[in-house]
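To start, the structure under review is shown below, and the notes come after it.
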DNA sequence: TTAATTTGGTTTATTTTATAAACTTGTTTA
DNA sequence: TAAACAAGTTTATAAAATAAACCAAATTAA
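Residue numbers (my numbering), protein chains in the order written: chain D, 1499 to 1592; chain H, 1499 to 1592.
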């Protein structure tokens, strides 16, 4: 039977965020928003979920006087993504 | 920016159904239920959505005295699946 | 200098989905 | 002939995604 798909990753926006974070050291809220085209509200919620799941680390601080939310994928996130991709491949027959 | 993912296909069960139908001439309700492990109710609903979207053809009939729901992917379904897979690849960096 | 706008978000409300539970109709089987 | 089963459908509930409204601080414009 087909492997189940991690519901935390099987979400367009969360998958996009993880997909971006996989390729970079870290990315901030503004960058993720621009790259994904998401609304702030939606992005905020989804970042929170990924953080609570332990898939990303979120560091809130300031750069100069502006707030900055920095996101970084965790090892757990990398593993979950890898497993998700493997499961997905069963569905798209690759 | 990342391509949007067809919401009709970006659903675990509907994707599983299409994935199975891609590989066979046709498949009936019972077979799909067994292969996906879904409940009847869920499967029924999702088959309906795929049908209404024009991604599959559904033929309800009888074999002997037992009802049989036969599903078959349409050309539109094949195309949608192909596009979905292409879009997905952007996310999983392939 | 103070009023409006922008930036970088968060919170709350709404809509949509997925899923499960309950139900139906006809058919075997005991 | 009553109980159980098969093949679904319908309805109710739970969870998700998304948008809209909001907020605080900083910047810009009048």
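No residue lacks a Cβ here, since even glycine has one placed at the ideal position from N, Cα and C.
At a Cβ-Cβ threshold of 8 Å, residue 1589 of chain H and residue 1517 of chain D count as neighbours.
In this structure residue 1568 of chain H is in contact with residue 1557 of chain H, their Cβ atoms being roughly 5 Å apart against a cut-off of 8 Å. At least one CB of chain D lies nearer than 8 Å to the CB of residue 1583 of chain H. DSSP places residue 1561 of chain D inside the beta strand (DSSP E), whose first and last residues are 1554-1561. Within chain D, no residue has its CB atom less than 8 Å from the CB of residue 1540 of chain H, the nearest being about 14 Å off. Taking a beta-carbon distance threshold of 8 Å, residue 1590 of chain D counts as an interface residue toward chain H. Residue-level contact check: residue 1535 of chain D touches chain H, since one or more beta carbons of chain H fall below 8 Å from its beta carbon. Per the Cβ contact rule, the region 1541-1557 of chain H is not in contact with the region 1559-1568 of chain D (fewer than 3 Cβ pairs under 8 Å). Taking 8 Å as the CB threshold, residue 1523 of chain H stays off the interface with chain D. As DSSP reads the structure, residue 1525 of chain D sits in a beta bridge with D:1569. The C-alpha of residue 1546 of chain H is placed about 14 Å away from the C-alpha of residue 1572 of chain H.
Residues of the same chain with a CB within less than 8 Å of the CB of residue 1502 of chain H, apart from the 5 flanking positions on each side, are 1585 in chain order.
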